[in-house]
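All remarks here apply to the structure that follows.
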Amino acid sequence: MRGKLITGLALLLFVVSDIQSQRTTSLKINEILVINGNNFVDDYGQRNPWIEIYNASPGTVNIAGCYLTNKIERPKLYMIPKGDVKTSISPRQHVIFWADNLPSRGTFHVNFTLDSVKSNFIALFDSDGQTLIDSVTVPAGQRADVSYGLIEDGWTLDKLREAKRTLPSYKDVMELWIYFDDHNNDGRYVTPSSNNKILDKNEKNENFKDNDSFGVGMTITATGVVFIGLIALYFAFKLVGKTAIRLSHERAKLTGLTTEEAKGITEQSGEMYAAIAMAIYEATELHDEEHTILTIKEKTKQYSPWSSKIYTLRQTPNLR
Amino acid sequence: MDFFSFLGDNLQTFLTYTSFANFTLGHAAMIVVGLVFIYLAVAKEFEPMLLIPIGFGILVGNIPFKDAGLQLGIYEQGSVLNILYQGVTSGWYPPLIFLGIGAMTDFSALISNPKLMLIGAAAQFGIFGAYTLALLCGFEPTQAGAIGIIGGADGPTAIFLSSKLAPNLMGAIAISAYSYMALVPVIQPPIMRFLTSKKERLIRMKPPRVVSQTEKIVFPIIGLLLTCFLVPSGLPLLGMLFFGNLLKESGVTRRLAETARGPLIDTITILLGLTVGASTQATQFLTLNSIKIFGLGALSFIIATTAGILFVKFFNLFLGRDNKINPLIGNAGVSAVPDSARISQMVGKEYDPTNYLLMHAMGPNVAGVIGSAVAAGILLGFLG
Numbered sequence: 102m103r104g105k106l107i108t109g110l111a112l113l114l115f116v117v118s119d120i121q122s123q124r125t126t127s128l129k130i131n132e133i134l135v136i137n138g139n140n141f142v143d144d145y146g147q148r149n150p151w152i153e154i155y156n157a158s159p160g161t162v163n164i165a166g167c168y169l170t171n172k173i174e175r176p177k178l179y180m181i182p183k184g185d186v187k188t189s190i191s192p193r194q195h196v197i198f199w200a201d202n203l204p205s206r207g208t209f210h211v212n213f214t215l216d217s218v219k220s221n222f223i224a225l226f227d228s229d230g231q232t233l234i235d236s237v238t239v240p241a242g243q244r245a246d247v248s249y250g251l252i253e254d255g256w257t258l259d260k261l262r263e264a265k266r267t268l269p270s271y272k273d274v275m276e277l278w279i280y281f282d283d284h285n286n287d288g289r290y291v292t293p294s295s296n297n298k299i300l301d302k303n304e305k306n307e308n309f310k311d312n313d314s315f316g317v318g319m320t321i322t323a324t325g326v327v328f329i330g331l332i333a334l335y336f337a338f339k340l341v342g343k344t345a346i347r348l349s350h351e352r353a354k355l356t357g358l359t360t361e362e363a364k365g366i367t368e369q370s371g372e373m374y375a376a377i378a379m380a381i382y383e384a385t386e387l388h389d390e391e392h393t394i395l396t397i398k399e400k401t402k403q404y405s406p407w408s409s410k411i412y413t414l415r416q417t418p419n420l421r
Numbered sequence: 056m057d058f059f060s061f062l063g064d065n066l067q068t069f070l071t072y073t074s075f076a077n078f079t080l081g082h083a084a085m086i087v088v089g090l091v092f093i094y095l096a097v098a099k100e101f102e103p104m105l106l107i108p109i110g111f112g113i114l115v116g117n118i119p120f121k122d123a124g125l126q127l128g129i130y131e132q133g134s135v136l137n138i139l140y141q142g143v144t145s146g147w148y149p150p151l152i153f154l155g156i157g158a159m160t161d162f163s164a165l166i167s168n169p170k171l172m173l174i175g176a177a178a179q180f181g182i183f184g185a186y187t188l189a190l191l192c193g194f195e196p197t198q199a200g201a202i203g204i205i206g207g208a209d210g211p212t213a214i215f216l217s218s219k220l221a222p223n224l225m226g227a228i229a230i231s232a233y234s235y236m237a238l239v240p241v242i243q244p245p246i247m248r249f250l251t252s253k254k255e256r257l258i259r260m261k262p263p264r265v266v267s268q269t270e271k272i273v274f275p276i277i278g279l280l281l282t283c284f285l286v287p288s289g290l291p292l293l294g295m296l297f298f299g300n301l302l303k304e305s306g307v308t309r310r311l312a313e314t315a316r317g318p319l320i321d322t323i324t325i326l327l328g329l330t331v332g333a334s335t336q337a338t339q340f341l342t343l344n345s346i347k348i349f350g351l352g353a354l355s356f357i358i359a360t361t362a363g364i365l366f367v368k369f370f371n372l373f374l375g376r377d378n379k380i381n382p383l384i385g386n387a388g389v390s391a392v393p394d395s396a397r398i399s400q401m402v403g404k405e406y407d408p409t410n411y412l413l414m415h416a417m418g419p420n421v422a423g424v425i426g427s428a429v430a431a432g433i434l435l436g437f438l439g
């Protein structure tokens, strides 16, 4: 018994630790611009390389205390300062860090730069300086004003595989990390502090319009799911009902009743159901002018410490 | 400027602020609609607990005023009505209503005869029939999904889904859903009589067995796990429905259950009804789309009722003589708890005064609530 309890608790701890990972571990390195020639300007009016971090969770995440680095052997290279409200990233939103090696300029200016010739390793570590949240290596030979980013905000390889299966527009996509170039006119633009994929239409809506313009597919699928759900409930309660009847018969037999008498316990007379039906009918007539309401209500008073007089009275005074 | 011209100017300015100066025919039309709702509630007793707050809300929402940033209207951010309306737009009133419904619903009829659940599923054809018709009327798929849910005959579900899929149509969808729920006694009986033979209407169903408390406690737990694992997007509604039911059936949280099915649901019903009514400001509400939605809403109720009754007739082909289901309870699958179940009882009594169908009709009725919440979850999953 004790062994089972320990196993159960261990399982619970495992589940809880997984839930905890919904927090800073939901942060993703989302887009990077190594050579900023004519792109986004920082709060000092200067163009520097930038790193975009995305909060992929449905809750606000505070990135303060986490570490950004471009050297795997120095995970604590730049600690994102605490105490700045801007480090709280809203759900599914972004924040930009400037890789200008000028940390004195504020929270979002890190103490390293990105190499415009060689490849750049960038990593985000959790506040313990040991847990790697996310990392990426930007290939060498980056072009000016062409960013390197995830095909869609916060996507993982699993998400890409799922999209390739379900969304026709992703069928031929091979890479998770792609280049965004404003001059290509392929809908993939450099998007600092914004969605990597610009959502200018409702893809699900368009998909249904193109492939199911009369709603037949939706009707078949959705009705099927409703039926499956309720059929599952039907079987579950058929089983629960049978078990309950069997148990009640067994209990009745233990008290000395015959099989036939035991069966009678689970059935009641039609008159009783007529009375109950009438009571429900009358009780649901909830109008101001109520008449002939049949009330079946237990009159016993439930004990509760919240309403107990023992706890609300002061000590009995001593009479002299 | 002398004193009298100052007074005259002020009076003139004041007059521009009165409703008389801003009155339009649209406002008049909506005020008439509000009065009709109140009349139906008081004189005909059609769903008074819904129609009184909505009808009065329509009057509140259609008092015209000058748009001078006074934070009066329901669509003006920060106004009192707008704050109360947040529960509708953010979709948190409907789950609270479902909590109350769960705490007041007895699922015994359904547990004792689980096959009645399938009637609740069949009646959901109304939703998808209306979805198809809405597409044919030129609505976008998301809008069609929101309009289709009117066929679920479940006001909170309709508001919840439309707030997610088509917020701009929510007022029309909510009014349409509640109007037709109130008109269930008018819409359903002719269809029920038309689709059934006299012999079918006289079918006496086997009395339901006694359901143990353990089964009643297990129902919301298994119900939640099965339906929400299948359609997680139905969680806000189904989760609260089954939670409310567990409060009721556990037997140890009586005070919580009484609050959920009493003061809580009453408070939310008042706020929901009033704000949904007030959201029908003529300037926003009176459009061709609203008229189309009303038409589609009526059709969805007709389809849902028809599907429920025909499904029972079809189902009876496979059932033994002693287990036949009276098709007059097929209409109850559309939800509209408990009105559509009462219609089954009333129509059944016309043909056999000793045949009590209400208990049996409550089965598909509550299955309809589950079915429409599941359907809403599917639509949200597909289109949201």
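As they're listed, the protein sequences go chains A and B.
The opening position of the first sequence corresponds to residue 102 in the numbering used here, with each subsequent residue numbered one higher.
The opening position of the second sequence corresponds to residue 56 in the numbering used here, with each subsequent residue numbered one higher.
Beta carbons are placed, not taken as given, at the ideal position from N, Cα and C, and that holds for glycine.
Chain-ordered chain A contacts of residue i [CB-CB under 7 Å]
| i | result |
| --- | --- |
| B/Pro-196 | Asn-306, Phe-309 and Lys-310 |
| B/Val-273 | Val-341 |
Neighbour-count burial assignment, residue i, 16 or more Cβ in a 10 Å radius
| i | result |
| --- | --- |
| A/Arg-266 | exposed |
| A/Ser-205 | exposed |
| A/Pro-240 | exposed |
| B/Leu-438 | buried |
| B/Ile-346 | exposed |
| B/Met-247 | buried |
| A/Asn-286 | exposed |
| B/Ala-83 | exposed |
| A/Asp-259 | exposed |
| B/Leu-372 | exposed |
| A/Ser-118 | For A/Ser-118, the pLDDT reaches just 45, beneath the cut-off of 50, and the residue's location in the model is therefore unreliable, leaving the point undetermined. |
Residues that residue i contacts on chain B, provided the C-beta gap is smaller than 7 Å
| i | result |
| --- | --- |
| A/Ile-435 | Outside the modelled stretch of chain A, which goes from 102 to 421, sits residue 435 of chain A, for which no answer is possible. |
| A/Ser-349 | Ser-267 |
| A/Leu-268 | Simply none; closest approach about 14 Å. |
| A/Ala-345 | Ser-267, Thr-269 and Glu-270 |
| A/Leu-355 | Within 7 Å Cβ-Cβ: nothing; A/Leu-355 doesn't reach chain B, min ~16 Å. |
| A/Ala-337 | Ile-277 and Leu-281 |
Residue i vs residue j beta-carbon contact at 7 Å
| i | j | result |
| --- | --- | --- |
| B/Ser-390 | B/Ser-427 | yes |
| A/Asp-246 | A/Gly-138 | yes |
| B/Ser-395 | B/Ile-384 | no |
| B/Gly-388 | B/Ile-204 | no |
Through-space distance from residue j to residue i, alpha-carbon basis
| i | j | result |
| --- | --- | --- |
| A/Ile-133 | A/Glu-153 | 6 Å |
| B/Phe-14 | B/Val-239 | Since the first residue shown for chain B is 56 and the last is 439, residue 14 of chain B is missing from the structure and cannot be characterised. |
| B/Phe-274 | B/Ser-167 | 11 Å |
| B/Thr-342 | B/Gly-352 | 16 Å |
| A/Gly-250 | A/Thr-232 | 22 Å |
| A/Gln-123 | B/Pro-149 | Any reading at A/Gln-123 must be qualified, since the residue scores a pLDDT of 45, below 50, and its modelled position is unreliable; the value itself is stated next. The alpha-carbon atoms of A/Gln-123 and B/Pro-149 are separated by roughly 28 Å. |
| B/Gly-375 | B/Phe-369 | 13 Å |
| B/Val-421 | B/Asp-122 | 45 Å |
| B/Pro-408 | B/Asn-117 | 46 Å |
| B/Ile-228 | B/Gly-206 | 11 Å |
| B/Gln-132 | A/Pro-293 | 31 Å |
| B/Asn-381 | B/Tyr-411 | 11 Å |
| B/Leu-250 | A/Ala-345 | 37 Å |
| B/Leu-127 | B/Gly-157 | 35 Å |
| B/Pro-222 | A/Leu-300 | 19 Å |
| A/Asp-433 | B/Ala-189 | No answer is possible for residue 433 of chain A: it lies beyond the span of chain A, which begins at 102 and ends at 421. |
| B/Ser-60 | B/Ile-113 | 38 Å |
Chain-ordered neighbours of residue i on chain B, where CB pairs are closer than 8 Å
| i | result |
| --- | --- |
| A/Ile-130 | The contacting residues do not exist; A/Ile-130 stays about 28 Å from chain B at best. |
| A/Ile-377 | Met-414 |
| A/Ala-264 | Ordered by position in chain B, no residue passes the 8 Å Cβ test against A/Ala-264, which lies about 16 Å from the chain. |
Proximal residues of chain A, C-beta to C-beta of residue i below 9 Å
| i | result |
| --- | --- |
| B/Leu-434 | Met-319 and Ala-323 |
Residue i: CB within 6 Å of a non-hydrogen atom of the ligand NAP
| i | result |
| --- | --- |
| B/Ser-231 | Only the bare structure without any ligand can be found here, which leaves the ligand NAP out of the picture. |
Partner residues on chain A for residue i, Cβ-Cβ distance less than 8 Å
| i | result |
| --- | --- |
| B/Pro-408 | Chain A residues near B/Pro-408: none, gap ~11 Å exceeds 8 Å. |
| B/Val-429 | Val-326, Val-327, Gly-330 and Leu-331 |
Chain-ordered neighbours of residue i on chain B, where CB pairs are closer than 9 Å
| i | result |
| --- | --- |
| A/Phe-425 | Outside the modelled stretch of chain A, which goes from 102 to 421, sits residue 425 of chain A, for which no answer is possible. |
| A/Ala-241 | Here the premise fails: no neighbours, minimum Cβ distance about 42 Å. |
Give, in chain order, every residue of the region 288-303 of chain A whose Cβ lies closer than 8 Å to some Cβ of chain B. Those residues of the region 288-303 of chain A that come within reach of chain B (Cβ to Cβ, closer than 8 Å) are Asn-303.
Contact list for the region 85-118 of chain B against chain A, Cβ threshold 9 Å: Glu-100, Pro-103 and Met-104
Can you list, in chain order, the residues of the region 224-235 of chain A whose Cβ is nearer than 7 Å to any Cβ on chain B? none
Contacting positions in the region 118-149 of chain B - beta carbon closer than 8 Å to chain A: none
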